[in-house]
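A.B. asks:
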Amino acid sequence: MAIRRPDRSVHTPSLTRRVIAVVAALGVVFGGAAPAAAQPVQTNDTIAVTGHGWGHGRGMSQYGAHGYAVDYGWTSDQILDHYYGGTVAGAVPNDLLTVRIDSANGLPTVAQVDSGLPVLIDANDQITHTGTGRALRLTATTGGFILADAPTCAGPFVDRPDVVPGEQLRISSVSAESAGGAATVGAGTPVVGDWDGDGDDDLGVVNGDAWKLWNEGPDNATDTPDFAFTLDPAGQQIVVGDWGGNGVDTPGLFSDGTWLIRDGLDPADGLTTLNFGQAGDTGLVGDWDGDGDDDLGLRRSRSWLLRGADGSGPADILFDFGRINDLPVVGDWDGDGTTDVGVVRSKTWIRTTEFAEAGERLDDVVHVRHDRGLVGDWNGDGTQTLGAHDGAGEVDLSGPGATFGPRLDPNVPLAHTIQRCVSSSEQRYYRGELRAIHNGGNQRTVTAVPVESYLRAVVPLEMPASWSPAAVQSQAVSARSYSLAENRTSYARTCDTISCQVYGGRSVRRNGTLSSNEHPLSDAAIAATAGIVRMRDGEVARTEFSSSTGGWTAGGVFPAVEDLGDAVSINPNHDWDIALSTSTVEARFSGRSLTRLEVTARNGLGQDGGRVEEVTLTFGPEVFTMTGNEFRRAFGLKSDWFTVDWGLDARRSDCVCPDAWPDHGLDELFLDGQWEPPEDEGD
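Below, the structure is given as structure tokens:
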């Protein structure tokens, strides 16, 4: 079984090129004339390479961690102490981690949600813009971003006229992550009331003249309602209240000053008519005086007219609050038994607990689907909080302390998780939020996610979740430490590729097929090591790891140690061999004819003298040296711990040439540009 991620190494220096001029060409004579030009006879076209390990070998071996767990019975603490000498265990909070999505570099940031709407949030957690569909796109431009809306990732996207200012915009979704949960009421207008008098509010839906009310849920719109009756609301406003003070809510209708109140929830119950208001008023219902039963109220222009009794007569409470076009909402915001008021303005809720020209902005709450906000006491604690209806039958209910901002709850439903639109047919789900970054003319997309949630989509991609718990726990600690020790850019601490750590996001949907990047077994390992990191000198250590060390770690930041666990039976990379063709080597050097190949320096640790520090390649009069790491990258070797066998002597020994060509110290690039060291992936 191969680890999915072979390597993690820092940037290596460029290939050292020592171009040795031909003696005759330079006119240099060593004890006489230069030897006659000899043409080596190439008798062996294959270089046999044997080696040990896969990756840079620094820090922990993933196979070794598994080997120490299953063959030696080590705990994760013992494994980590062994590989990361000079470090100790420490603890960190579950803070947000910023991760650059490298595949999105230079591209617009396109986001979508399955339920609710995407929104933009400023640095103060204020929602500044709400999508008109389930998808939005941000394209960097002078002074900020162009915002475009679409029904889904597939488009079509329609640009808004104004540029959204800022160098960094946060994208989240607005369905509540709630203590109250979620329900599906089906098509129609949702209604809220305590239908059974148990102290917490329930849901219902009105579709045409048909009313369906549930005491719990519903989980599905086809669930049998607890109450069903007909009452045609055409042209009228739906209202709900506890008219008799018995704790049970019943519905009613309001239009042009006339109130029709149902006497109960039985289909045979009649209607009571009340009069309060005039044409153009908006009807309101609430317990304005805290006496235990609901009364009538009105909003007229900016004015609120609230009565302490049913029926006609003057308002007992009169004040102005909000703007003329605001949508009025009411609820007991502070749980004192008296109904308070609020307004919805541009999808932002503004509330007050005083019947006066004053208000407090509810910064963390915005409803979905235009004006389809709901208010209810979802958990029976006496405080009414906000919910949202998405216009397609799904209702989200918020509880105390719930927010409509970034998705930081590890248990948030997948449907409420923000997605990045990779294409019209591929979407990737990310816990937390997305960010569009304007980075000096280059657009970047970043996800900000709590560290522990981030690890859920890292650990199973770095190590099979089915491996021994101690090994997976070691991987969790190493991955946590590595990510927190990173500091890639001013806007992102780390990235999502092999250059940092592979991070796939929560799930991915391709052509409608959904697959998860998380696994319960790795989740358990993350939970078992929650917050644990490796520390050195009071700082989180950059705990590198690779697939297999081959039997000795490479040293460097952490002391080199013998790695007996790496010989675990399932490790195919502890020892390996390949056949490297001479023509492959020569092709990387512009077709020069290879005449000599030898390892000229090793680190002295382990079999064959250890890891290669220097390789010398001779092409007739030209000599090139490479580090072992450069050689492995150039020719696709698994590690820099290898031996080469080319003929009898690991070199083209039949070359008729002097013992040493003169080295004039010329360091120069090949003019044809064909040879360049492979780009270091930072793995």
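Counting in the numbering used here, the sequence shown runs from 573 upward without gaps. The C-beta atom is built at its ideal place from N, Cα and C for all residues, glycine as well. Quick caveat: nothing in here was measured; it's all calculated off a predicted structure.
#1: Can you tell me which residues form a DSSP beta bridge with His654?
#2: Taking Cβ to Cβ, would you say Gly954 is nearer than 8 Å to Asp904?
#3: Taking buried to mean at least 16 other C-beta atoms within 10 Å of its own C-beta, is Ile833 buried or exposed?
#4: Between the stretch 649-661 and the stretch 1144-1158, do at least 3 Cβ pairs fall closer than 8 Å?
#5: Between Phe729, Arg1205, Ile718, Ala722, which has its C-alpha nearest Val735's C-alpha?
#6: According to DSSP, is Gly858 part of a helix, a strand, or is it coil?
#7: Let me know if Gln1073 comes out buried or exposed under the rule of 16 or more other beta-carbons within 10 Å of its beta-carbon.
#8: Answer yes or no: do Ala1261 and Val1031 have a C-beta to C-beta separation smaller than 8 Å?
#9: Please check the pair Asp772 and Gly765, which I expect to be a contact at CB under 8 Å, by giving their CB distance rounded to whole angstroms.
#10: At which residues does the beta strand (DSSP E) containing Ile693 begin and terminate?
#11: By DSSP, does Asn779 sit in helix, in strand, or in coil?
#12: Leu708 and Ala726: beta carbons closer than 8 Å?
#13: Helix, strand or coil, according to DSSP, for Tyr1075 in the structure here?
#14: Tell me the DSSP secondary structure of Asn847 in three-state form.
#15: Return the CA-CA distance between Ile743 and Pro886, expressed in angstroms with no decimal places.
#16: Quick check on Arg1204: does DSSP put it in helix, strand or coil?
#17: Kindly indicate the opening and closing residues of the beta strand (DSSP E) around Ser827.
#18: Could you give the distance in angstroms between the alpha-carbon of Ala1042 and the alpha-carbon of Ala1159?
#19: Please report the residue range of the alpha helix (DSSP H) in which Thr1154 lies.
#20: Applying the criterion that 16 or more other CB atoms from any shown protein chain within 10 Å of the CB defines a buried residue, is Leu868 buried or exposed?
#21: Taking all protein chains shown into account, decide if Gly604 is buried (16 or more other Cβ within 10 angstroms of its Cβ) or exposed.
#22: In chain order, what residues of the same chain have a beta carbon less than 8 Å from the beta carbon of Ser995, not counting five sequence neighbours either side?
#23: With distances taken Cα to Cα, identify the nearest neighbour of Gly1122 among Ile619, His624, Gly1110, Ala1100.
#24: Can you give me the Cβ contacts of Gly631 inside the same chain, cut-off strictly under 6 Å, excluding the 5 residues immediately before and after it?
#25: Over what stretch of residues does the alpha helix (DSSP H) that includes His638 continue unbroken?
#26: Once you ignore the five residues that flank Gly769 on each side, which residues in its own chain have a CB closer than 8 Å to its CB?
#27: Please tell me whether Ala800 and Trp786 are closer than 8 Å, where the distance is taken between their beta carbons.
#28: With 16 as the cutoff for other CB atoms within 10 Å, does Ser1062 come out buried or exposed?
#29: How is the alpha helix (DSSP H) around Pro1092 delimited, first residue to last?
#30: Expressed to the nearest angstrom, what Euclidean distance is found between the alpha-carbon atoms of Ser1155 and Arg1060?
#31: Identify the continuous alpha helix (DSSP H) that holds Ser1055 and give its terminal residues.
#32: How should Val730 be labelled, buried or exposed, when 16 other C-beta atoms within 10 angstroms of its C-beta is the threshold for buried?
#33: Just curious, the alpha helix (DSSP H) that Arg1065 is in, first and last residue?
#34: In the DSSP output, which residue or residues are listed as bridge partners for Ser1087?
#35: Under 8 Å by Cβ, that's how I've got Gly705 and Asp1135 pegged, so tell me the actual separation to the nearest angstrom.
#36: Anyone know if the C-beta pair for Val757 and His988 falls short of 8 Å?
C.D. replies: Quick answer:
#1: For the purposes of this step, residue 654 is identified with residue 82 of the sequence shown, where counting begins at 1. His654 pairs with nothing; no bridge assigned.
#2: Counting from 1 along the sequence shown, the entry for residue 954 is found at position 382. Counting from 1 along the sequence shown, the entry for residue 904 is found at position 332. For Gly954 and Asp904, yes; Cβs fall inside 8 Å.
#3: Locating residue 833 in the sequence shown gives position 261, where the first residue counts as 1. So Ile833 ends up on the buried side.
#4: As far as the Cβ criterion goes, the stretch 649-661 does not touch the stretch 1144-1158, which means the pair count is below three.
#5: On the sequence shown, position 163 is the one that residue 735 refers to. Among Phe729, Arg1205, Ile718, Ala722, the Cα nearest to that of Val735 belongs to Ile718.
#6: Start at 1 with the first residue of the sequence shown, and residue 858 comes out as number 286. When secondary structure is reduced to three states using DSSP, Gly858 falls in the strand class.
#7: Residue numbering aside, residue 1073 sits at position 501 when the sequence shown is read from its first letter. So Gln1073 ends up on the buried side.
#8: Look at the range of the chain in this structure, 573 to 1255, and you will see that residue 1261 is not part of it.
#9: Mapped onto the sequence shown, residue 772 falls at position 200. Mapped onto the sequence shown, residue 765 falls at position 193. About 11 Å; that fails the 8 Å criterion.
#10: As a position in the sequence shown, residue 693 is number 121, starting the count at 1. DSSP places Ile693 in the uninterrupted beta strand (DSSP E) bounded by 690-693.
#11: Counting from 1 along the sequence shown, the entry for residue 779 is found at position 207. It is a strand residue.
#12: Sequence index remark: in the sequence shown, residue 708 carries index 136 (1-based). Sequence index remark: in the sequence shown, residue 726 carries index 154 (1-based). It is not a contact, given that the beta carbons lie outside the stated cut-off.
#13: Counted from its first residue, the sequence shown places residue 1075 at position 503. Correct three-state label for Tyr1075: coil.
#14: Reading the sequence shown from its first residue, position 275 is the one you call residue 847. Shown here, Asn847 sits in a strand according to DSSP, grouped into three states.
#15: Against the sequence shown, residue 743 aligns to sequence position 171. Against the sequence shown, residue 886 aligns to sequence position 314. If you take the alpha carbons of Ile743 and Pro886, they lie about 47 Å apart.
#16: Along the sequence shown, read from residue 1 onward, the residue named residue 1204 stands at position 632. Three-state DSSP puts Arg1204 in a helix.
#17: Within the sequence shown, the letter at position 255 stands for residue 827. Unbroken beta strand (DSSP E) run through Ser827: 822-827.
#18: In the sequence shown, counting from the first residue as 1, residue 1042 sits at position 470. In the sequence shown, counting from the first residue as 1, residue 1159 sits at position 587. Their Cα atoms are separated by approximately 45 Å.
#19: Here the question's residue 1154 lines up with position 582 in the sequence shown. 1154-1160 is the span of the alpha helix (DSSP H), which, as asked, contains Thr1154.
#20: Counting from one through the sequence shown, the residue named residue 868 turns up at place 296. By the neighbour-count rule (16 or more Cβ atoms within 10 Å), Leu868 is buried.
#21: Within the sequence shown, numbered from 1, the residue matching residue 604 stands at position 32. At Gly604, the pLDDT of 29 sits below 50, so the modelled position is not reliable and the matter cannot be decided from this model.
#22: For this step, residue 995 is matched to residue 423 along the sequence shown. Cβ-Cβ distances below 8 Å link Ser995 to Cys725 in the same chain, with the five nearest sequence neighbours on each side left out; the list follows chain order.
#23: Translated into the one-based positions of the sequence shown, residue 1122 becomes position 550. Of Ile619, His624, Gly1110, Ala1100, the residue nearest in Cα terms is His624.
#24: As a working mapping, residue 631 is identified with position 59 in the sequence shown. Taking Gly631 as the centre and dropping the five residues before and after it, the same chain places the C-beta of Tyr655, Thr1115, Glu1116, Phe1117, Phe1130 closer than 6 Å to its C-beta, in chain order.
#25: Position 66 of the sequence shown, counting from 1, holds the residue named residue 638. Counting along the chain, His638 sits inside the alpha helix (DSSP H) bounded by residues 634-644.
#26: Reading the sequence shown from its first residue, position 197 is the one you call residue 769. Excluding positions up to five away in sequence, the list reads Asn818, Gly819, Val820.
#27: Taking the first residue of the sequence shown as 1, we reach residue 800 at position 228. Taking the first residue of the sequence shown as 1, we reach residue 786 at position 214. Annotated as distal: Ala800 and Trp786, with beta-carbon spacing of 8 Å or more.
#28: Within the sequence shown, the letter at position 490 stands for residue 1062. Of the other Cβ atoms in all chains shown, fewer than 16 fall within 10 Å of the Cβ of Ser1062; this residue is therefore exposed.
#29: Here the question's residue 1092 lines up with position 520 in the sequence shown. 1092-1100 is the extent of the alpha helix (DSSP H) around Pro1092.
#30: Reading the sequence shown from its first residue, position 583 is the one you call residue 1155. Reading the sequence shown from its first residue, position 488 is the one you call residue 1060. When rounded, the distance between both Cα atoms is 39 Å.
#31: Taking the sequence shown and counting its residues from 1, the one referred to as residue 1055 is at position 483. Element bounds for Ser1055: 1041-1057.
#32: On the sequence shown, position 158 is the one that residue 730 refers to. A residue is called buried once 16 or more other Cβ atoms fall within 10 Å of its Cβ, and Val730, having fewer, is exposed.
#33: As a working mapping, residue 1065 is identified with position 493 in the sequence shown. Neither: Arg1065 is in no alpha helix (DSSP H) and is coded neither H nor E.
#34: Mapped onto the sequence shown, residue 1087 falls at position 515. In DSSP, Ser1087 forms a bridge with Val1080.
#35: Taking the sequence shown and counting its residues from 1, the one referred to as residue 705 is at position 133. Taking the sequence shown and counting its residues from 1, the one referred to as residue 1135 is at position 563. Contact flag wrong, Cβ pair sits at about 54 Å.
#36: Residue 757 sits at position 185 when you count from the first residue of the sequence shown. Residue 988 sits at position 416 when you count from the first residue of the sequence shown. Not closer than 8 Å, so no.
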